[in-house]
Every structure is written in structure tokens, then in C-alpha cells.
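Shown next, in C-alpha cells, is the structure this report addresses.
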Amino acid sequence: MILGFLKLALVGFVLLTILYVLIRIYARSLRREALENEYDEGHGDGPRDAYIEAGMRDYEHSLRKKLILLVYIVPAIVFAAVFWTLNNP
Numbered sequence: 002m003i004l005g006f007l008k009l010a011l012v013g014f015v016l017l018t019i020l021y022v023l024i025r026i027y028a029r030s031l032r033r034e035a036l037e038n039e040y041d042e043g044h045g046d047g048p049r050d051a052y053i054e055a056g057m058r059d060y061e062h063s064l065r066k067k068l069i070l071l072v073y074i075v076p077a078i079v080f081a082a083v084f085w086t087l088n089n090p
């Protein structure tokens with residue numbers, strides 16, 4: 002029984018890691034595109050590449066990037082809650 006649970010946990014972790022990487026890539030591309038559009042509209046100072054790189058450095062330290070880690074936390078909490086609810090009458 003414990004071996005089955007460990008297999009489930011490993012497969013779940015691998016799938017959540019793949020999902021995390023895909024969401025992270027997508028979120029970075031959205032932010033980069035927003036910075037490019039911002040610069041093209043005339044809101045940026047200096048060279049275009051420097052403006053975009055500075056914006057991406059700011060994004061790396063932002064709360065939005067950290068919230069993507071909820072991809073790991075929320076499913077684990079939901080699984081634990083359902084497991085506990087079903088096993089405790």
C-alpha cells in the first residue's frame with residue numbers, strides 16, 4: 002500500500018513539475034510581450050533590449066512569479082483534504 006502511494010506521489014510530482022515549467026515559460030513570455038508593447042508605445046527609456054531586460058529582472062523578483070509555486074501547494078492540500086475526509090467518518 003505504501004509503495005502504491007509513493008508511486009502516486011512521484012508521478013504527481015513529475016506532472017506538477019512539468020505543469021510548473023510550462024506555466025513559468027508562458028508567464029515569462031506574456032511579461033516579455035507586455036514589455037515590448039510598452040516600449041513600442043513610447044513608455045520606455047533607453048535602448049529597447051536594455052528596457053526589456055530590466056523589466057524581466059524586475060519580474061524575476063515579483064510576487065507573480067512566486068505565486069506560480071502554488072501549482073505544487075494547492076493540489077497537495079486538496080489531495081490531503083480529500084484523503085482525510087474520506088478516511089475519517
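In the working numbering, the protein residues as written are 2 to 90. All C-beta atoms, glycine included, are put in the ideal place defined by N, C-alpha and C.
Residue i versus residue j - alpha carbon distance
i, j, result
"residue 84", "residue 9", "13 angstroms"
"residue 61", "residue 22", "14 angstroms"
"residue 4", "residue 73", "21 angstroms"
"residue 31", "residue 55", "15 angstroms"
"residue 35", "residue 77", "32 angstroms"
Bounding residues of the alpha helix (DSSP H) (the contiguous stretch that carries residue i)
i, result
"residue 41", "3-41"
"residue 88", "71-88"
"residue 56", "49-61"
Buried or exposed by the 16-neighbour rule on C-beta atoms within 10 Å, applied to residue i
i, result
"residue 53", "buried"
"residue 27", "exposed"
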